[in-house]
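Notes follow the structure.
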Amino acid sequence: MAAAAPKRRMGLEKIGLYDVGRAIGKGNFATVRIARHRIAKTKVAVKSIDVSKLDKENLIKLEREVKIVTMIDHPHIVKCYEIMRVDNMLYIVSEYCSTGELYATLMGKGRVTEDIARKWFTETAAAVSYLHNKGIVHRDLKTENILLGKDSKIKLIDFGFSNFQTPDQLLNTWCGSPPYAAPELLLGNSYDGMKADIWSMGVLLYILVTGGFPFGSESVNDLKRSVLSGVVKIPYWVSVECADFIRKMLVLNPTKRMTIQNVLAHRWMHIRNDVKKQVQNLESSIRPTPSKLNPTIMMFMQQHGKWTEEQIIDAVLGRNFESPIFATYELLADKVKIGSLEGTGEEYPRRGSRGSILSGRANVDEQPLTPTISAHQLAQLNLSSPDCDSDDSSNSDLCDESPLSSLEPNHKQFTLPRGLDLMGNRFENRRHTLCASEQLLSPNLMGQFPPPNLLLNNFTMSPLGFPPMPEGQAAEFPFPSLHPALGAFPTTDLSKMLPVPKSERRASAGETLLPTNFDLQQHLANLSANPVSFPTVEEEGRSYLAKYGGKRNTVHCLGNQIGGGVQNPIPRYQRTPYAKAPPAERRSSWASPSLSQQQQSHLEKIFKDALQTNNDISRLHKEFKNLSHGCAQSQITNEGSSLACPQISITDEYNRQHNIAPSASSFDPVSIFQKNAQEVVFGQRPATAIGFSSTSFSGMSTPEQTTRSMDDRVRSIVCTLPFAEVVEELKSSLNILKIPFAETQEMVYEPQVTEMRRLSLPSGVEIGVAVLPPEHKSHVEFAIINNDSPTSEILCDQLICRLRMIDPNWSSE
Ligand SMILES: Nc1ncnc2c1ncn2[C@@H]1O[C@H](COP(=O)(O)OP(=O)(O)OP(=O)(O)O)[C@@H](O)[C@H]1O
């Protein structure tokens, strides 16, 4: 039943104090993956770069990026927590924004209203103003480098091309993305990076309010021509103020172009918006280097991280980004909104006020050797992160079957409707930053740019899609040719945007990354020739089972007992009522509320019999038929056997999260069980009858109960004491601690069926006890499946300690 906890973190790589999961982004040289800090339990983004693959120029750039990200701290810039260097790899750990790129949002929405545009643009401008005031230029402002955090807050990322610039200095390196590049860059001139940023901001605002790019082009040369023409066509629905603003940012002559101060002062920015106050508030919310350290966090870190007070003080006040201590403190501080805890009089004094800088101890009050934390303090550490979406109590969306392949997972697993498929796969369509050297993109060589690519082909055609019809006008303009914006925007059918063939993705500097016209034609031909078809539910079920071997995440029954010796693909140590499979493999089983306890017991009994009588499941099959009789809302025929099991619903984590199938699919579990099932679940949750994996796209029934995502925070112990004694000990410990619990009895269907006792605590801790072969010892598992918190961890630790005390022969798995 149980295993050592680390082994359960399937698919999660451990780097430093992080469990690193699936990839969420890919850049020129970097892969960005989602991760979770093991102490703070905060989700973060980890950008990994293999430095051995970088040339000297890119190494310098990388070190500059590191320098810049560790010196900036702004509410609208993704915050860096830690820099790790392991072997050839460099990892930049930063706050995680789950909502994704503005680019993807715009791909879905098209243009946004001017009010929304104003909010996002003001936040971006505040971040750029902060950078420019610090003498930093971003040089790659674009919708792909703007993420949306919690509450749709803008978070600027990607400082790969940022640099320092003194007031009179001009820069020479060509970098950025062509559609956002200022004319002086396109011309290959030396340039003022700050003014180049303003140009990119002009393009950004244009995209926000129109849904398309301002300059059309068939190629970089055409783009250049279009930019240098000085003509910016702005559709009629854009307000006069906004059009004026855009034009002032897209001024060809950089010396006449707006500065960031002018941007913040433009009247469009002030419509229903107190920009000055907003920017001031933002600047004042930038946390200064803490003068005092939070005592609760200090104690928590001493207990959980086993660091000394001195180590913590040194790392935090020294802002040592290469120390896990600093990152842990900052992550915890962000959770408790440190500001609210400061000034309580209990703080640790800042380094500067101490007598001895070296020891850091002179003025520090002696703390108790074993610091204690009150429940109240612990609760504060468990607060959500105030700003970003980093707080999370589970690793549920960290893992994937194959972390790196997850860059294109859904493309393969689901057949999406045509438009969605092509638009939604941002990894295929997204534009990448070109990082060309000056020579490569010098005016003379620009004409020799590689073959036209789709992105550039579609500049005029609004890669973000045809501008949505003005509200209420759609009916009046049924045909694209009649669209009021037609004069300015040649139409493009976005559904025909072509995914970039892998072979053509650019790997590095200055490459073109998109397909040629030939590929486009081929693609269009294929589109009409092969209309997209959805797999049937059965096909999905079968293909999922074929792929994942019917894995599921709860009580197990060996598949090789059934249907001819297929080995259960899940190693014994992972087969636990609490272990979590990576999300790609995981699915939730929703049970039938109509399945009574009695019916369930009956099914269990038949199943047990089936195991003992040569795996004959015909009775079970019949039973399902009987069960389904009279409630056949969704008749599903599966190769001759017509069964209706509308209440046995299967969906998967991905569908649920992405609302693809808000409901689940139902299909005939018995037929699939006969052919493919490796495991069967009875009694996983009180009402669950049977569970299979599925990657269903088409939903049919409604989940009757919300699934609880299984966290992998599992502890375990193997006791030599009898099962009943272990259960009693746990129950009496909980009673002493005055912690209520619900007790349920379940069966674990191993070759030898055994009883399992489950104690469910309202705080989200689940304790399972079962006697398991081969030793027939009492295996106890503790899982925090909800509201992951240090308090829950401490409770599990205490109970484990208690069991160890009464059972000197205990062992770990
Ligand atoms: N903090 C984050 N939270 C969520 N997603 C992120 C985060 N940081 C990066 N990403 C995702 O990873 C992608 C690549 O990250 P980033 O732009 O930093 O890499 P890069 O190598 O500099 O990319 P490029 O070559 O496009 O400039 C982003 O576009 C974004 O989708």
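FYI, the numbering for the sequence shown is 1 to 813, going by full-length UniProt numbering.
Note that CB positions come from ideal geometry on N, CA and C, so glycine has one too.
> Any heavy atom of ligand 1 closer than 7 Å to the Cβ of Y130?
Replying inline: Here residue 130 corresponds to residue number 130 of the sequence shown, with the count starting at 1. Not so, every heavy atom of ligand 1 lies at least 7 Å from the Cβ.
> Among S162, P214 and S226, which has the Cα closest to the Cα of L187?
Replying inline: Numbered from its first residue, the sequence shown carries residue 187 at position 187. Nearest of S162, P214 and S226 to L187, Cα basis: S226.
> Would you report the Cα separation of T99 and P235, rounded to the nearest angstrom?
Replying inline: What you label residue 99 is simply residue 99 of the sequence shown in a count that begins at 1. What you label residue 235 is simply residue 235 of the sequence shown in a count that begins at 1. About 29 Å.
> What separation, rounded to the nearest whole angstrom, lies between the Cα atoms of P443 and V231?
Replying inline: In the sequence shown, the residue the question calls residue 443 occupies position 443. In the sequence shown, the residue the question calls residue 231 occupies position 231. Its pLDDT being 32, under 50, P443 is placed unreliably in this model, and the coordinates cannot settle the point.
> So, helix, strand or coil for H304, using DSSP?
Replying inline: By 1-based counting over the sequence shown, the position of residue 304 is 304. If DSSP states are grouped into helix, strand and coil, H304 belongs with the helices.
> Using DSSP with H/G/I as helix, E/B as strand and the rest coil, what is Q745?
Replying inline: Mapped onto the sequence shown, residue 745 falls at position 745. In this structure, Q745 counts as strand in the three-state DSSP scheme.
>> Tell me whether the segment 274-284 and the segment 244-256 touch, counting them as touching only if at least three CB pairs, one residue from each stretch, are closer than 8 Å.
In response: Flag = no, the segment 274-284 and the segment 244-256 do not touch.
>> What residue range does the alpha helix (DSSP H) around Y329 cover?
In response: As a position in the sequence shown, residue 329 is number 329, starting the count at 1. The continuous alpha helix (DSSP H) containing Y329 extends over residues P324 to V336.
> Touching or not, the segment 318-335 and the segment 78-89, by the rule of three or more beta carbon pairs under 8 Å?
Replying inline: Using a C-beta cut-off of 8 Å, the segment 318-335 makes contact with the segment 78-89, since at least three inter-stretch Cβ pairs fall below that distance.
> Under 8 Å between the Cβ atoms of I15 and Y96?
Replying inline: By 1-based counting over the sequence shown, the position of residue 15 is 15. By 1-based counting over the sequence shown, the position of residue 96 is 96. Their beta carbons are not under 8 Å apart, which means I15 does not touch Y96 by this criterion.
> Which parts of the segment 54-133 are runs of the beta strand (DSSP E), unbroken and 3 residues or longer, counting only runs that do not cross its ends?
Replying inline: Within the segment 54-133, the runs of beta strand (DSSP E) at least 3 residues long that lie entirely inside it are, in chain order, 80-86 and 89-95.
> Given W268, which residues of its chain have a CB within under 6 Å of its CB, disregarding the five upstream and five downstream residues?
Replying inline: In the sequence shown, counting from the first residue as 1, residue 268 sits at position 268. Cβ contact annotation for W268 (same chain, cutoff 6 Å, sequence separation greater than five): E241, C242 and F245, in chain order.
> Cβ of C97 within 7 Å of any heavy atom in ligand 1?
Replying inline: Locating residue 97 in the sequence shown gives position 97, counting from the first residue. For C97, the Cβ falls inside the 7 Å cut-off from some heavy atom of ligand 1.
> Once you ignore the five residues that flank T105 on each side, which residues in its own chain have a CB closer than 7 Å to its CB?
Replying inline: Here residue 105 corresponds to residue number 105 of the sequence shown, with the count starting at 1. Scanning its chain for C-beta atoms nearer than 7 Å, with the 5 sequence neighbours on each side dropped, one finds around T105 the residues L148, in chain order.
>> Taking the straight line between their C-alpha atoms, what separation do you get for S385 and E775?
In response: Your numbering for residue 385 matches position 385 in the sequence shown. Your numbering for residue 775 matches position 775 in the sequence shown. Note that S385 scores 42 on pLDDT, short of 50, meaning its location in the model is unreliable and no value can be drawn from it.
> Hey, is V32 close to ligand 1, as in C-beta under 7 Å from one of its heavy atoms?
Replying inline: The residue given as residue 32 occupies position 32 in the sequence shown. True, at least one ligand heavy atom lies under 7 Å from that Cβ.
> When the Cα of F215 is compared with those of N28, N273 and L228, which residue comes out closest?
Replying inline: On the sequence shown, position 215 is the one that residue 215 refers to. Looking at the Cα atoms, L228 is the closest of the given residues.
> Quick one: is the Cβ of N253 within less than 7 Å of any heavy atom of ligand 1?
Replying inline: Indexing the sequence shown from 1 puts residue 253 at position 253. No, the beta carbon of N253 sits no closer than 7 Å to any heavy atom of ligand 1.
> Cα separation between S340 and A315?
Replying inline: As a position in the sequence shown, residue 340 is number 340, starting the count at 1. As a position in the sequence shown, residue 315 is number 315, starting the count at 1. For S340, the predicted model reports a pLDDT of 39, less than 50, meaning its position is unreliable; a value from the coordinates is still stated below. Just so you know, the alpha carbons of S340 and A315 end up roughly 22 Å apart.
> Is V137 near ligand 1, in the sense that its beta carbon is under 7 Å from a heavy atom of that ligand?
Replying inline: Looking up residue 137 in the sequence shown gives position 137. Judged by the Cβ position, V137 fails to qualify as a neighbour of ligand 1 at the 7 Å threshold, every heavy atom of the ligand being at least this far.
> Which value, in whole angstroms, describes the spacing of the CA atoms of L721 and T70?
Replying inline: Taking the first residue of the sequence shown as position 1, residue 721 is located at position 721. Taking the first residue of the sequence shown as position 1, residue 70 is located at position 70. Looking at the two C-alpha atoms, the distance is approximately 53 Å.
> Per DSSP, which one or two residues make a beta bridge with F164?
Replying inline: For this step, residue 164 is matched to residue 164 along the sequence shown. DSSP output for F164 lists I136 as bridge partner(s).
> Any idea if M301 is buried or exposed, counting beta-carbon neighbours within 10 angstroms, 16 or more meaning buried?
Replying inline: For the purposes of this step, residue 301 is identified with residue 301 of the sequence shown, where counting begins at 1. Under this definition M301 is a buried residue.
> How is the alpha helix (DSSP H) around Y18 delimited, first residue to last?
Replying inline: As a position in the sequence shown, residue 18 is number 18, starting the count at 1. In the DSSP assignment, Y18 falls outside any alpha helix (DSSP H) and lies within the beta strand (DSSP E) extending over Y18 to K26.
> Whose C-beta lies closer than 6 Å to the C-beta of G176 among residues of the same chain, with five residues either side of it excluded?
Replying inline: Translated into positions along the sequence shown, residue 176 becomes position 176. Excluding residues up to 5 positions away in sequence, R139 and D140 lie with their Cβ nearer than 6 Å to the Cβ of G176 in the same chain.
> Apart from the five residues just before and just after A45, which ones in its own chain have a Cβ nearer than 6 Å to its Cβ?
Replying inline: By 1-based counting over the sequence shown, the position of residue 45 is 45. Correct list, in chain order: V32, S94 and Y96.
>> My assumption, with CB atoms under 8 Å, is that residue 830 sits in contact with L761. Please give the rounded CB distance.
In response: As shown, the chain starts at 1 and ends at 813. That puts residue 830 outside it, with no answer to give.
>> Could you check whether K155 and I39 sit closer than 8 Å to each other, using their CB atoms as the reference points?
In response: Taking the sequence shown and counting its residues from 1, the one referred to as residue 39 is at position 39. Taking the sequence shown and counting its residues from 1, the one referred to as residue 155 is at position 155. I39 places its beta carbon 8 Å or farther from that of K155.
>> Taking a contact to mean a Cβ-Cβ separation below 8 Å, would you say F29 touches L54 in this structure?
In response: Position 29 of the sequence shown, counted from the start, is the residue given in the question as residue 29. Position 54 of the sequence shown, counted from the start, is the residue given in the question as residue 54. Contact flag set, yes.
> Under the criterion of a Cβ to heavy atom distance below 7 Å, does P29 qualify as lining ligand 1?
Replying inline: Here the question's residue 29 lines up with position 29 in the sequence shown. Per the sequence shown, residue 29 should be read as Phe rather than Pro. Inclusion of F29 in the 7 Å shell around ligand 1 follows from its C-beta lying nearer than that to a non-hydrogen atom of the ligand.
> When the Cα of M298 is compared with those of A126, F164 and A333, which residue comes out closest?
Replying inline: Working through the sequence shown from its first residue, we reach residue 298 at position 298. Checked all of A126, F164 and A333; the closest Cα to M298 is A333.
>> Quick check on the DSSP output: the alpha helix (DSSP H) that includes T210 runs from which residue to which?
In response: The residue given as residue 210 occupies position 210 in the sequence shown. T210 -> alpha helix (DSSP H) spans G193 to T210.
> Taking all protein chains shown into account, do 16 or more other C-beta atoms lie within 10 angstroms of the C-beta of V86, making it buried, or fewer, making it exposed?
Replying inline: Walking along the sequence shown from the start, residue 86 turns up at place 86. Exposed.
> If you measure from the beta carbon of R38 to each beta carbon in chain B, is any gap under 8 Å?
Replying inline: Given the protein chain composition of this structure (a single chain), no chain B is represented.
>> ligand 1 and Y144: does any heavy atom of the ligand fall closer than 7 Å to the residue's C-beta?
In response: Taking the first residue of the sequence shown as 1, we reach residue 144 at position 144. According to the sequence as given, residue 144 is Glu; it is not Tyr. Yes, since a heavy atom of ligand 1 falls inside the 7 Å radius drawn around the Cβ of E144.
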